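Here the structure is laid out as C-alpha coordinates; the discussion comes afterwards.
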Amino acid sequence: MDDQQFDKRMALLKKSYDRMELQLNPDNVFKQIEEEKDEEALPKQSNTAQQKHALKWQKPAVWIASVASVLLVGLLVSFYTLNQQENTHSEQTQDIPDEKAVEEEVADYLTKKFNSKKEDIRKELKVTKDELEAFDFIKNANSMLDFYLTTNLHLKLTDENYVEIMEENIMNRLITPKRSLEKIKTFRNLSFEESFAVYSNYVISVEELERFYSKLLEPYQQQLKEKDDVKQYPSDLQAIIEAANNQYMELKTDGNGVFYFKANPIDGEFAPQYINQLHPDVFGYFEYLKMGYLLLADDLRYTREETARSLKIMERTLLADVNADSTDYKLLQETYKNTWVVLLLGTKQYPAIANDGQPNRDYMKFLEEVASGKYGEVMQKTAATILGELQQTQHSATLSQLTPYDIWTILLQTRQETAGTINDSDFNVVDMNESRIAQIKGIYEQYKNNNDEAIINQLHPINIASLYLYAVTIDDKEMQNALLTPDAEVDASMLQTIQSLDVFSQLGEYNGIIPTVAARVAIGSQEKYGRQFLIKFSKSEEGYYRITAIMD
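So this is what it looks like as C-alpha coordinates:
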(Lines of atoms letter the chains of each structure in order from A and count residues from 1; the text may use other names and numbers.)
(Lines give C-alpha, C1' and ligand atoms only; values in the text may rest on other atoms or scores of the structure.)
Protein backbone atom coordinates (compact mmCIF):
# COMPACT_ATOMS: atom_id res chain seq x y z
CA MET A 1 0.00 0.00 0.00
CA ASP A 2 1.49 3.37 -0.97
CA ASP A 3 0.98 6.75 0.69
CA GLN A 4 -1.87 7.78 -1.62
CA GLN A 5 -3.91 4.66 -0.96
CA PHE A 6 -3.39 5.04 2.76
CA ASP A 7 -4.61 8.67 2.73
CA LYS A 8 -7.75 7.67 0.77
CA ARG A 9 -8.55 4.88 3.26
CA MET A 10 -8.21 7.27 6.20
CA ALA A 11 -10.48 9.85 4.54
CA LEU A 12 -13.23 7.26 3.99
CA LEU A 13 -13.01 6.07 7.59
CA LYS A 14 -13.31 9.64 8.85
CA LYS A 15 -16.47 10.22 6.76
CA SER A 16 -18.01 7.01 8.05
CA TYR A 17 -17.22 7.97 11.59
CA ASP A 18 -18.78 11.43 11.14
CA ARG A 19 -21.98 9.90 9.72
CA MET A 20 -22.60 7.67 12.75
CA GLU A 21 -25.70 8.56 14.82
CA LEU A 22 -25.16 11.21 17.40
CA GLN A 23 -26.18 8.76 20.12
CA LEU A 24 -23.12 6.73 19.26
CA ASN A 25 -20.86 9.70 19.79
CA PRO A 26 -18.75 8.85 22.87
CA ASP A 27 -19.07 12.39 24.28
CA ASN A 28 -22.86 12.32 24.04
CA VAL A 29 -22.98 8.87 25.57
CA PHE A 30 -20.94 9.87 28.62
CA LYS A 31 -23.00 13.07 28.94
CA GLN A 32 -26.17 11.03 29.00
CA ILE A 33 -24.76 8.77 31.71
CA GLU A 34 -24.08 11.82 33.94
CA GLU A 35 -27.64 13.12 33.39
CA GLU A 36 -29.12 9.81 34.37
CA LYS A 37 -27.10 9.82 37.60
CA ASP A 38 -28.61 13.25 38.42
CA GLU A 39 -32.09 11.99 37.73
CA GLU A 40 -31.62 9.10 40.15
CA ALA A 41 -30.78 11.63 42.84
CA LEU A 42 -34.24 13.29 42.43
CA PRO A 43 -37.34 12.07 44.41
CA LYS A 44 -38.73 8.97 42.83
CA GLN A 45 -41.85 10.37 41.16
CA SER A 46 -41.77 8.27 38.03
CA ASN A 47 -43.40 4.97 38.04
CA THR A 48 -41.45 1.73 38.06
CA ALA A 49 -42.35 0.84 34.51
CA GLN A 50 -40.73 3.99 33.10
CA GLN A 51 -37.47 3.42 35.07
CA LYS A 52 -37.20 -0.11 33.83
CA HIS A 53 -37.78 1.05 30.27
CA ALA A 54 -34.99 3.70 30.53
CA LEU A 55 -32.46 1.33 32.05
CA LYS A 56 -33.33 -1.28 29.51
CA TRP A 57 -32.43 1.10 26.70
CA GLN A 58 -29.44 2.92 28.28
CA LYS A 59 -27.19 -0.06 29.00
CA PRO A 60 -27.11 -1.44 25.42
CA ALA A 61 -26.49 2.04 24.06
CA VAL A 62 -23.44 2.57 26.27
CA TRP A 63 -21.95 -0.78 25.37
CA ILE A 64 -22.61 -0.33 21.68
CA ALA A 65 -20.93 3.08 21.68
CA SER A 66 -17.92 1.84 23.65
CA VAL A 67 -17.38 -1.18 21.46
CA ALA A 68 -17.73 0.91 18.31
CA SER A 69 -15.13 3.40 19.56
CA VAL A 70 -12.65 0.68 20.48
CA LEU A 71 -13.13 -1.05 17.14
CA LEU A 72 -12.65 2.19 15.27
CA VAL A 73 -9.42 3.05 17.12
CA GLY A 74 -8.13 -0.50 16.58
CA LEU A 75 -8.93 -0.28 12.89
CA LEU A 76 -7.06 2.99 12.54
CA VAL A 77 -4.01 1.62 14.39
CA SER A 78 -4.01 -1.50 12.22
CA PHE A 79 -4.08 0.52 9.03
CA TYR A 80 -1.24 2.76 10.30
CA THR A 81 0.94 -0.16 11.37
CA LEU A 82 0.37 -1.99 8.10
CA ASN A 83 1.31 1.09 6.13
CA GLN A 84 4.51 1.62 8.15
CA GLN A 85 5.58 -1.99 7.55
CA GLU A 86 4.94 -1.65 3.85
CA ASN A 87 6.91 1.59 3.69
CA THR A 88 9.84 0.05 5.62
CA HIS A 89 9.87 -2.97 3.33
CA SER A 90 9.76 -0.65 0.34
CA GLU A 91 12.78 1.32 1.65
CA GLN A 92 14.75 -1.89 2.24
CA THR A 93 14.06 -3.19 -1.24
CA GLN A 94 15.13 0.18 -2.64
CA ASP A 95 18.46 0.05 -0.68
CA ILE A 96 19.50 -3.27 -2.28
CA PRO A 97 19.35 -1.99 -5.86
CA ASP A 98 21.25 1.16 -4.73
CA GLU A 99 24.18 -0.90 -3.30
CA LYS A 100 24.19 -3.11 -6.35
CA ALA A 101 24.20 -0.07 -8.60
CA VAL A 102 27.22 1.42 -6.81
CA GLU A 103 29.10 -1.87 -7.08
CA GLU A 104 28.33 -2.12 -10.78
CA GLU A 105 29.32 1.51 -11.29
CA VAL A 106 32.72 0.99 -9.62
CA ALA A 107 33.34 -2.22 -11.55
CA ASP A 108 32.38 -0.54 -14.81
CA TYR A 109 34.65 2.44 -14.07
CA LEU A 110 37.68 0.28 -13.27
CA THR A 111 37.13 -2.05 -16.20
CA LYS A 112 36.84 0.80 -18.69
CA LYS A 113 39.94 2.55 -17.32
CA PHE A 114 41.85 -0.76 -17.30
CA ASN A 115 40.91 -1.60 -20.90
CA SER A 116 41.72 1.92 -22.04
CA LYS A 117 45.21 1.70 -20.53
CA LYS A 118 45.70 -1.74 -22.07
CA GLU A 119 44.87 -0.35 -25.49
CA ASP A 120 47.38 2.48 -24.97
CA ILE A 121 50.04 -0.09 -24.06
CA ARG A 122 49.19 -2.16 -27.13
CA LYS A 123 49.81 0.85 -29.35
CA GLU A 124 52.99 1.74 -27.44
CA LEU A 125 54.43 -1.75 -27.90
CA LYS A 126 53.22 -1.99 -31.52
CA VAL A 127 51.62 -5.40 -31.02
CA THR A 128 48.29 -7.02 -31.91
CA LYS A 129 45.57 -7.63 -29.32
CA ASP A 130 46.34 -11.34 -29.30
CA GLU A 131 50.05 -10.67 -28.78
CA LEU A 132 49.25 -8.27 -25.96
CA GLU A 133 46.96 -10.72 -24.18
CA ALA A 134 49.63 -13.44 -24.47
CA PHE A 135 52.11 -11.50 -22.29
CA ASP A 136 52.38 -12.86 -18.75
CA PHE A 137 52.42 -9.39 -17.21
CA ILE A 138 49.12 -8.63 -18.95
CA LYS A 139 47.62 -11.94 -17.79
CA ASN A 140 48.69 -11.15 -14.23
CA ALA A 141 47.11 -7.71 -14.46
CA ASN A 142 43.88 -9.25 -15.79
CA SER A 143 43.85 -11.71 -12.89
CA MET A 144 44.32 -8.92 -10.38
CA LEU A 145 41.40 -6.98 -11.84
CA ASP A 146 39.16 -10.06 -11.67
CA PHE A 147 40.25 -10.75 -8.11
CA TYR A 148 39.31 -7.29 -6.87
CA LEU A 149 35.99 -7.21 -8.71
CA THR A 150 34.84 -10.65 -7.56
CA THR A 151 36.04 -10.71 -3.95
CA ASN A 152 33.22 -9.22 -1.84
CA LEU A 153 33.49 -5.84 -3.52
CA HIS A 154 30.17 -4.68 -2.03
CA LEU A 155 31.45 -5.27 1.51
CA LYS A 156 34.54 -3.12 0.97
CA LEU A 157 33.00 -0.14 -0.79
CA THR A 158 32.14 1.33 2.62
CA ASP A 159 35.86 2.08 3.01
CA GLU A 160 36.46 5.46 1.38
CA ASN A 161 40.06 4.61 0.47
CA TYR A 162 39.43 1.09 -0.80
CA VAL A 163 38.52 2.00 -4.37
CA GLU A 164 41.53 4.31 -4.65
CA ILE A 165 43.92 1.65 -3.30
CA MET A 166 42.34 -1.02 -5.49
CA GLU A 167 42.69 1.14 -8.59
CA GLU A 168 46.35 1.91 -7.83
CA ASN A 169 47.23 -1.76 -7.26
CA ILE A 170 45.57 -2.86 -10.49
CA MET A 171 47.05 -0.13 -12.66
CA ASN A 172 50.56 -0.63 -11.24
CA ARG A 173 50.55 -4.17 -12.62
CA LEU A 174 49.62 -2.87 -16.04
CA ILE A 175 52.94 -1.27 -16.88
CA THR A 176 55.83 -1.21 -19.36
CA PRO A 177 59.52 -0.40 -18.70
CA LYS A 178 59.04 3.04 -20.26
CA ARG A 179 56.00 3.85 -18.13
CA SER A 180 57.68 2.67 -14.93
CA LEU A 181 60.63 5.05 -15.37
CA GLU A 182 58.55 7.96 -16.64
CA LYS A 183 57.04 8.20 -13.16
CA ILE A 184 60.27 9.67 -11.79
CA LYS A 185 59.92 12.77 -14.00
CA THR A 186 57.80 14.45 -11.34
CA PHE A 187 60.40 14.00 -8.57
CA ARG A 188 63.73 15.64 -7.84
CA ASN A 189 65.98 13.05 -6.20
CA LEU A 190 64.46 9.81 -4.99
CA SER A 191 65.44 7.94 -1.83
CA PHE A 192 66.73 4.38 -2.07
CA GLU A 193 63.33 2.99 -1.04
CA GLU A 194 61.53 5.08 -3.67
CA SER A 195 64.10 4.09 -6.30
CA PHE A 196 63.71 0.41 -5.45
CA ALA A 197 59.93 0.77 -5.88
CA VAL A 198 60.58 2.12 -9.40
CA TYR A 199 62.88 -0.84 -10.09
CA SER A 200 60.21 -3.25 -8.84
CA ASN A 201 57.73 -1.84 -11.38
CA TYR A 202 60.37 -1.81 -14.12
CA VAL A 203 61.19 -5.49 -13.70
CA ILE A 204 57.53 -6.55 -14.08
CA SER A 205 57.69 -6.56 -17.88
CA VAL A 206 61.22 -5.79 -19.10
CA GLU A 207 62.62 -9.32 -19.40
CA GLU A 208 59.51 -10.67 -21.10
CA LEU A 209 59.55 -7.84 -23.62
CA GLU A 210 63.27 -8.39 -24.28
CA ARG A 211 62.53 -12.01 -25.19
CA PHE A 212 59.53 -11.02 -27.30
CA TYR A 213 61.34 -8.45 -29.44
CA SER A 214 64.45 -10.65 -29.71
CA LYS A 215 62.32 -13.48 -31.08
CA LEU A 216 60.86 -11.12 -33.68
CA LEU A 217 64.41 -10.65 -35.00
CA GLU A 218 64.80 -14.32 -35.98
CA PRO A 219 63.62 -13.91 -39.64
CA TYR A 220 65.91 -10.89 -40.08
CA GLN A 221 69.22 -12.23 -38.68
CA GLN A 222 70.92 -12.35 -42.09
CA GLN A 223 69.84 -8.83 -43.01
CA LEU A 224 71.06 -7.53 -39.65
CA LYS A 225 74.49 -9.05 -40.30
CA GLU A 226 74.74 -7.65 -43.82
CA LYS A 227 73.64 -4.06 -43.18
CA ASP A 228 74.48 -1.59 -40.45
CA ASP A 229 72.18 1.26 -41.50
CA VAL A 230 68.75 0.90 -39.90
CA LYS A 231 67.21 2.89 -42.75
CA GLN A 232 68.11 0.08 -45.14
CA TYR A 233 66.13 -2.49 -43.17
CA PRO A 234 62.59 -3.55 -44.20
CA SER A 235 59.83 -1.41 -42.71
CA ASP A 236 58.64 -4.28 -40.48
CA LEU A 237 62.12 -4.66 -38.99
CA GLN A 238 62.42 -0.91 -38.51
CA ALA A 239 59.12 -0.95 -36.61
CA ILE A 240 60.38 -3.74 -34.33
CA ILE A 241 63.61 -1.88 -33.59
CA GLU A 242 61.76 1.38 -32.95
CA ALA A 243 59.35 -0.27 -30.51
CA ALA A 244 62.22 -1.95 -28.65
CA ASN A 245 64.29 1.26 -28.53
CA ASN A 246 61.26 2.99 -27.04
CA GLN A 247 61.63 0.61 -24.06
CA TYR A 248 65.35 1.51 -23.66
CA MET A 249 66.48 -1.66 -25.49
CA GLU A 250 69.65 -1.77 -27.56
CA LEU A 251 70.51 -4.16 -30.38
CA LYS A 252 73.28 -6.55 -29.26
CA THR A 253 75.05 -9.66 -30.58
CA ASP A 254 76.03 -12.71 -28.54
CA GLY A 255 79.16 -14.83 -28.90
CA ASN A 256 77.65 -16.65 -31.88
CA GLY A 257 76.82 -13.46 -33.76
CA VAL A 258 73.08 -13.72 -33.05
CA PHE A 259 71.28 -10.38 -32.65
CA TYR A 260 69.08 -9.76 -29.61
CA PHE A 261 67.69 -6.87 -27.56
CA LYS A 262 68.87 -5.87 -24.09
CA ALA A 263 67.47 -2.96 -22.06
CA ASN A 264 69.92 -0.48 -20.53
CA PRO A 265 68.06 2.48 -19.02
CA ILE A 266 70.94 3.60 -16.78
CA ASP A 267 73.77 4.42 -19.20
CA GLY A 268 72.56 3.02 -22.51
CA GLU A 269 72.02 4.73 -25.84
CA PHE A 270 68.32 5.33 -25.15
CA ALA A 271 68.56 6.03 -21.40
CA PRO A 272 66.27 8.91 -20.33
CA GLN A 273 67.88 12.12 -19.12
CA TYR A 274 66.05 11.99 -15.81
CA ILE A 275 67.43 8.53 -14.88
CA ASN A 276 69.95 10.11 -12.49
CA GLN A 277 67.06 11.14 -10.26
CA LEU A 278 67.12 7.53 -9.07
CA HIS A 279 69.31 6.83 -6.04
CA PRO A 280 72.65 5.42 -7.32
CA ASP A 281 72.63 2.68 -4.66
CA VAL A 282 69.86 0.92 -6.61
CA PHE A 283 71.83 0.74 -9.87
CA GLY A 284 73.27 -2.68 -8.96
CA TYR A 285 69.87 -4.26 -9.55
CA PHE A 286 69.56 -2.63 -12.96
CA GLU A 287 73.13 -3.73 -13.72
CA TYR A 288 72.29 -7.35 -13.01
CA LEU A 289 69.26 -7.19 -15.31
CA LYS A 290 71.41 -5.66 -18.04
CA MET A 291 74.32 -8.09 -17.78
CA GLY A 292 72.51 -11.28 -16.84
CA TYR A 293 74.74 -14.14 -15.75
CA LEU A 294 78.40 -13.09 -15.65
CA LEU A 295 79.71 -16.66 -15.84
CA LEU A 296 79.48 -19.02 -18.78
CA ALA A 297 80.33 -22.56 -17.64
CA ASP A 298 83.75 -22.16 -15.96
CA ASP A 299 84.71 -19.00 -17.81
CA LEU A 300 83.63 -15.40 -18.04
CA ARG A 301 80.80 -14.29 -20.28
CA TYR A 302 82.35 -10.85 -20.75
CA THR A 303 85.92 -9.57 -20.57
CA ARG A 304 87.63 -9.57 -17.19
CA GLU A 305 87.53 -5.78 -16.98
CA GLU A 306 83.85 -5.57 -18.00
CA THR A 307 83.00 -8.18 -15.39
CA ALA A 308 84.93 -6.40 -12.63
CA ARG A 309 83.29 -3.04 -13.48
CA SER A 310 79.88 -4.68 -13.31
CA LEU A 311 80.69 -6.24 -9.93
CA LYS A 312 81.72 -2.83 -8.61
CA ILE A 313 78.26 -1.44 -9.39
CA MET A 314 76.63 -4.46 -7.74
CA GLU A 315 78.93 -4.07 -4.73
CA ARG A 316 77.58 -0.60 -3.99
CA THR A 317 74.04 -1.96 -3.87
CA LEU A 318 75.06 -4.93 -1.72
CA LEU A 319 76.71 -2.59 0.78
CA ALA A 320 73.83 -0.12 0.87
CA ASP A 321 70.64 -2.20 0.77
CA VAL A 322 69.49 -3.13 4.27
CA ASN A 323 66.97 -5.66 2.94
CA ALA A 324 69.50 -8.49 2.82
CA ASP A 325 66.77 -11.15 3.08
CA SER A 326 65.01 -10.15 -0.13
CA THR A 327 65.10 -12.41 -3.19
CA ASP A 328 66.65 -9.66 -5.33
CA TYR A 329 69.44 -9.12 -2.81
CA LYS A 330 70.24 -12.82 -2.49
CA LEU A 331 70.41 -13.19 -6.27
CA LEU A 332 72.82 -10.26 -6.48
CA GLN A 333 74.87 -11.66 -3.62
CA GLU A 334 75.25 -15.09 -5.29
CA THR A 335 76.38 -13.46 -8.54
CA TYR A 336 78.87 -11.24 -6.73
CA LYS A 337 80.64 -13.81 -4.57
CA ASN A 338 80.73 -16.61 -7.17
CA THR A 339 82.06 -14.34 -9.91
CA TRP A 340 84.80 -12.84 -7.74
CA VAL A 341 86.08 -16.31 -6.86
CA VAL A 342 86.33 -17.18 -10.57
CA LEU A 343 88.02 -13.86 -11.36
CA LEU A 344 90.69 -14.38 -8.68
CA LEU A 345 91.28 -18.08 -9.24
CA GLY A 346 91.62 -17.46 -12.98
CA THR A 347 89.97 -19.09 -15.98
CA LYS A 348 91.05 -20.72 -19.22
CA GLN A 349 90.69 -17.40 -21.01
CA TYR A 350 92.21 -15.39 -18.13
CA PRO A 351 94.60 -17.74 -16.26
CA ALA A 352 96.22 -16.78 -12.96
CA ILE A 353 99.28 -18.96 -13.54
CA ALA A 354 101.15 -19.11 -16.87
CA ASN A 355 102.29 -22.32 -18.55
CA ASP A 356 105.75 -21.97 -17.00
CA GLY A 357 104.26 -22.08 -13.49
CA GLN A 358 104.85 -18.39 -12.86
CA PRO A 359 102.06 -15.89 -12.10
CA ASN A 360 100.56 -14.54 -15.32
CA ARG A 361 101.68 -10.95 -15.98
CA ASP A 362 98.19 -9.78 -17.01
CA TYR A 363 96.75 -11.44 -13.94
CA MET A 364 99.26 -9.68 -11.67
CA LYS A 365 98.36 -6.36 -13.28
CA PHE A 366 94.69 -7.09 -12.67
CA LEU A 367 95.42 -7.85 -9.00
CA GLU A 368 97.21 -4.51 -8.69
CA GLU A 369 94.12 -2.73 -10.07
CA VAL A 370 91.82 -4.57 -7.65
CA ALA A 371 94.16 -3.81 -4.72
CA SER A 372 94.17 -0.11 -5.67
CA GLY A 373 90.38 0.08 -5.34
CA LYS A 374 89.65 0.43 -9.05
CA TYR A 375 86.96 -2.25 -8.85
CA GLY A 376 85.54 -1.50 -5.41
CA GLU A 377 86.59 -1.59 -1.78
CA VAL A 378 85.50 -5.06 -0.66
CA MET A 379 88.20 -7.09 -2.45
CA GLN A 380 91.08 -4.63 -1.97
CA LYS A 381 92.75 -6.30 1.02
CA THR A 382 92.28 -9.82 -0.31
CA ALA A 383 93.77 -8.88 -3.69
CA ALA A 384 96.69 -7.16 -1.97
CA THR A 385 97.34 -10.25 0.17
CA ILE A 386 97.28 -12.58 -2.84
CA LEU A 387 99.51 -10.20 -4.80
CA GLY A 388 102.07 -10.04 -1.99
CA GLU A 389 102.16 -13.82 -1.56
CA LEU A 390 102.64 -14.40 -5.30
CA GLN A 391 105.41 -11.80 -5.50
CA GLN A 392 107.31 -13.43 -2.63
CA THR A 393 106.92 -17.16 -3.28
CA GLN A 394 105.02 -17.48 -6.59
CA HIS A 395 102.36 -19.25 -4.51
CA SER A 396 99.37 -17.92 -2.56
CA ALA A 397 97.88 -19.91 0.32
CA THR A 398 95.10 -17.32 0.47
CA LEU A 399 94.20 -17.90 -3.17
CA SER A 400 94.28 -21.70 -2.89
CA GLN A 401 91.76 -21.63 -0.02
CA LEU A 402 89.47 -18.95 -1.45
CA THR A 403 85.72 -19.82 -1.48
CA PRO A 404 82.51 -17.89 -2.22
CA TYR A 405 81.72 -17.87 1.49
CA ASP A 406 84.99 -16.03 2.14
CA ILE A 407 83.92 -13.33 -0.30
CA TRP A 408 80.57 -13.06 1.43
CA THR A 409 82.23 -12.84 4.85
CA ILE A 410 84.49 -10.03 3.63
CA LEU A 411 81.48 -8.17 2.25
CA LEU A 412 79.61 -8.53 5.52
CA GLN A 413 82.64 -7.31 7.43
CA THR A 414 82.68 -4.25 5.21
CA ARG A 415 78.99 -3.78 6.05
CA GLN A 416 80.00 -4.26 9.70
CA GLU A 417 77.62 -7.19 10.09
CA THR A 418 77.93 -10.79 11.21
CA ALA A 419 77.84 -13.67 8.80
CA GLY A 420 74.38 -14.91 9.60
CA THR A 421 73.24 -18.04 11.37
CA ILE A 422 75.64 -20.88 12.09
CA ASN A 423 74.83 -23.94 10.01
CA ASP A 424 76.54 -27.27 9.55
CA SER A 425 77.35 -26.67 5.89
CA ASP A 426 79.62 -23.70 6.70
CA PHE A 427 80.89 -24.46 10.22
CA ASN A 428 82.08 -27.27 12.43
CA VAL A 429 79.61 -26.82 15.27
CA VAL A 430 79.99 -27.76 18.95
CA ASP A 431 77.53 -27.26 21.78
CA MET A 432 78.45 -25.05 24.71
CA ASN A 433 77.50 -27.61 27.38
CA GLU A 434 78.92 -28.41 30.83
CA SER A 435 81.59 -30.71 29.40
CA ARG A 436 82.76 -28.02 27.00
CA ILE A 437 82.83 -25.36 29.71
CA ALA A 438 84.85 -27.67 31.97
CA GLN A 439 87.35 -28.24 29.15
CA ILE A 440 87.76 -24.47 28.64
CA LYS A 441 88.35 -23.89 32.35
CA GLY A 442 90.95 -26.68 32.33
CA ILE A 443 92.90 -25.02 29.48
CA TYR A 444 92.72 -21.70 31.30
CA GLU A 445 94.06 -23.15 34.56
CA GLN A 446 96.86 -24.94 32.71
CA TYR A 447 97.98 -21.70 31.04
CA LYS A 448 97.77 -19.62 34.23
CA ASN A 449 99.69 -22.19 36.26
CA ASN A 450 102.51 -22.55 33.73
CA ASN A 451 102.42 -19.10 32.10
CA ASP A 452 103.52 -20.85 28.91
CA GLU A 453 102.53 -19.25 25.59
CA ALA A 454 103.16 -22.58 23.85
CA ILE A 455 99.87 -23.79 25.33
CA ILE A 456 98.01 -21.06 23.42
CA ASN A 457 100.03 -21.49 20.23
CA GLN A 458 98.88 -25.08 19.75
CA LEU A 459 95.17 -24.22 20.02
CA HIS A 460 92.73 -24.12 17.10
CA PRO A 461 90.57 -21.01 16.54
CA ILE A 462 87.51 -22.54 18.26
CA ASN A 463 89.52 -23.19 21.46
CA ILE A 464 91.13 -19.75 21.40
CA ALA A 465 87.67 -18.19 20.98
CA SER A 466 86.34 -20.25 23.89
CA LEU A 467 89.26 -19.23 26.07
CA TYR A 468 88.76 -15.56 25.19
CA LEU A 469 85.05 -15.73 26.04
CA TYR A 470 85.85 -17.33 29.40
CA ALA A 471 88.44 -14.62 30.11
CA VAL A 472 85.73 -12.02 29.43
CA THR A 473 83.32 -13.63 31.92
CA ILE A 474 85.93 -13.50 34.71
CA ASP A 475 87.30 -10.11 33.60
CA ASP A 476 90.86 -11.36 32.98
CA LYS A 477 92.25 -8.58 30.75
CA GLU A 478 95.73 -10.11 30.61
CA MET A 479 94.37 -13.35 29.18
CA GLN A 480 92.23 -11.47 26.67
CA ASN A 481 95.19 -9.44 25.38
CA ALA A 482 97.32 -12.57 25.01
CA LEU A 483 94.78 -13.95 22.54
CA LEU A 484 94.50 -10.78 20.40
CA THR A 485 96.79 -9.45 17.68
CA PRO A 486 98.28 -6.01 18.46
CA ASP A 487 96.01 -4.32 15.90
CA ALA A 488 92.86 -6.32 16.69
CA GLU A 489 89.53 -4.53 16.22
CA VAL A 490 87.11 -5.43 19.00
CA ASP A 491 83.76 -3.88 18.10
CA ALA A 492 81.54 -5.81 20.50
CA SER A 493 80.65 -3.68 23.52
CA MET A 494 77.92 -6.05 24.73
CA LEU A 495 80.40 -8.93 24.87
CA GLN A 496 82.24 -7.29 27.77
CA THR A 497 79.08 -7.40 29.92
CA ILE A 498 78.69 -11.20 29.74
CA GLN A 499 79.41 -12.91 33.07
CA SER A 500 78.74 -16.57 32.26
CA LEU A 501 79.42 -18.97 29.39
CA ASP A 502 75.85 -20.22 29.82
CA VAL A 503 74.85 -17.23 27.68
CA PHE A 504 76.18 -19.15 24.65
CA SER A 505 74.51 -22.19 23.10
CA GLN A 506 76.94 -23.12 20.30
CA LEU A 507 80.32 -22.35 18.77
CA GLY A 508 80.94 -22.82 15.06
CA GLU A 509 84.39 -22.87 13.42
CA TYR A 510 84.93 -21.98 9.76
CA ASN A 511 88.32 -22.75 8.19
CA GLY A 512 88.70 -20.51 5.15
CA ILE A 513 91.11 -17.80 4.10
CA ILE A 514 89.74 -15.85 7.07
CA PRO A 515 89.27 -18.42 9.87
CA THR A 516 86.13 -17.48 11.76
CA VAL A 517 84.34 -18.61 14.91
CA ALA A 518 80.69 -17.70 15.40
CA ALA A 519 79.49 -17.74 19.01
CA ARG A 520 75.73 -18.18 19.02
CA VAL A 521 73.83 -16.69 21.95
CA ALA A 522 71.20 -18.87 23.66
CA ILE A 523 67.62 -17.98 22.72
CA GLY A 524 66.79 -16.72 26.20
CA SER A 525 69.63 -14.18 26.08
CA GLN A 526 69.31 -12.99 22.47
CA GLU A 527 67.08 -10.05 23.33
CA LYS A 528 69.85 -8.64 25.54
CA TYR A 529 73.02 -9.66 23.67
CA GLY A 530 71.89 -10.19 20.08
CA ARG A 531 71.99 -13.35 18.00
CA GLN A 532 75.73 -14.05 17.91
CA PHE A 533 79.27 -12.69 17.99
CA LEU A 534 81.68 -13.15 15.08
CA ILE A 535 85.35 -13.74 15.96
CA LYS A 536 87.89 -13.54 13.12
CA PHE A 537 91.43 -14.92 13.15
CA SER A 538 94.71 -14.56 11.33
CA LYS A 539 97.52 -17.10 11.14
CA SER A 540 101.10 -16.03 11.74
CA GLU A 541 104.05 -17.20 9.67
CA GLU A 542 104.81 -19.71 12.44
CA GLY A 543 101.28 -21.10 12.10
CA TYR A 544 99.83 -19.63 15.32
CA TYR A 545 96.26 -18.29 15.45
CA ARG A 546 95.27 -15.02 17.09
CA ILE A 547 92.06 -12.99 17.12
CA THR A 548 92.06 -10.03 14.71
CA ALA A 549 88.47 -8.80 15.01
CA ILE A 550 85.30 -9.32 17.05
CA MET A 551 81.90 -8.01 15.98
CA ASP A 552 78.42 -8.10 17.49
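Those letters in the sequence shown? Residues 4 to 555, by my numbering.
A virtual CB, placed ideally from N, CA and C, is assigned to each residue, including glycine.
The structure displayed is predicted, hence computed values, not measured ones.
In this structure, Ala522 and Leu472 form a Cβ contact; the two beta carbons are roughly 6 Å apart against a cut-off of 8 Å.
Nearest neighbour of Met497 by Cα position, chosen from Ile526, Lys531 and Leu128, turns out to be Lys531. Asn204 has its alpha-carbon roughly 15 Å from the corresponding atom of Ile124. Contact annotation: Leu303 and Thr310 have beta-carbon atoms nearer than 9 Å. Taking 8 Å as the upper bound for CB-CB distance, Gln461 and Ala474 are not in contact here, some 18 Å apart.
Across the set Val520, Lys377 and Asn326, the C-alpha of Val520 shows the shortest separation from the C-alpha of Asn431. Distance between Asp270 and Gln499, taken at the CA atoms: about 49 Å. Using a 10 angstroms sphere on the CB of Ser217, the tally of other CB atoms reaches 16 or more, which defines it as buried.
For Ala386, the enclosing alpha helix (DSSP H) covers residues Gln383 to Thr396. In this chain, the alpha helix (DSSP H) harbouring Gln241 covers Ser238 to Asn248. Going by C-alpha positions, Ile207 is about 8 Å away from Pro180. In the DSSP assignment, Gln416 falls within the alpha helix (DSSP H) that extends over Pro407 to Thr417. Within the segment 480-521, the complete beta strand (DSSP E) segments at least 3 residues long are 487-494 and 507-513, listed from N- to C-terminus.
Under a 10 Å Cβ-count criterion, Gly295 is classified as exposed, with fewer than 16 other Cβ atoms of the shown protein chains found around its own Cβ. Across the set Val345, Lys340, Val209 and Ala137, the C-alpha of Val345 shows the shortest separation from the C-alpha of Leu299.
Take Thr388, set aside five residues on each side of it, and the residues of its chain with a beta-carbon closer than 6 Å to its own are Thr401, in chain order. Ser541 is bridged by DSSP to Arg549. For Lys444, the enclosing alpha helix (DSSP H) starts and ends at Glu437 to Asn453.
For the beta strand (DSSP E) assignment, the uninterrupted runs of no fewer than 3 residues enclosed by the segment 250-303 are, from N- to C-terminal side, 252-256 and 262-266. Closest option to Asn248, judged by alpha-carbon separation, among Lys186, Glu127 and Met367: Glu127. Taken through DSSP and simplified to helix, strand or coil, Phe536 comes out as strand. Ranked by how close their Cα comes to the Cα of Tyr332, the residues Lys377, Phe369 and Phe286 have Phe286 in first place. In this model, Ile467 and Asp409 are separated by some 21 Å (Cα to Cα). Inclusion of Phe215 and Phe138 in the CB contact set at 9 Å is warranted, their separation being smaller than that value.
The Cβ atoms of Gln235 and Phe262 lie no closer than 9 Å to each other. Taken in chain order, the unbroken stretches of alpha helix (DSSP H) that lie wholly in the segment 292-378 and span 4 residues or more are 307-323, 330-348 and 364-374.
The C-beta separation of Leu297 from Thr342 comes to about 5 Å, placing the pair in contact by the 8 Å criterion. In the DSSP assignment, Asp434 falls within the beta strand (DSSP E) that extends over Asn431 to Asp434. Contact annotation: Ala491 and Ile440 have beta-carbon atoms that are not nearer than 9 Å. Taking 9 Å as the cut-off, the Cβ atoms of Gly511 and Val433 count as close.
Across the structure, Tyr151 and Glu136 are spaced so that their CA atoms are roughly 19 Å apart. Residue pairing for Arg523: DSSP places it in a beta bridge opposite Gln509 and Gln535. Counting only runs of 4 or more residues that sit fully inside the segment 201-239, the alpha helix (DSSP H) segments are 209-219 and 224-229, in chain order. Using a 10 angstroms sphere on the CB of Gly360, the tally of other CB atoms stays under 16, which defines it as exposed. Remark: C-beta atoms of Glu170 and Leu240 do not approach each other more closely than 9 Å.
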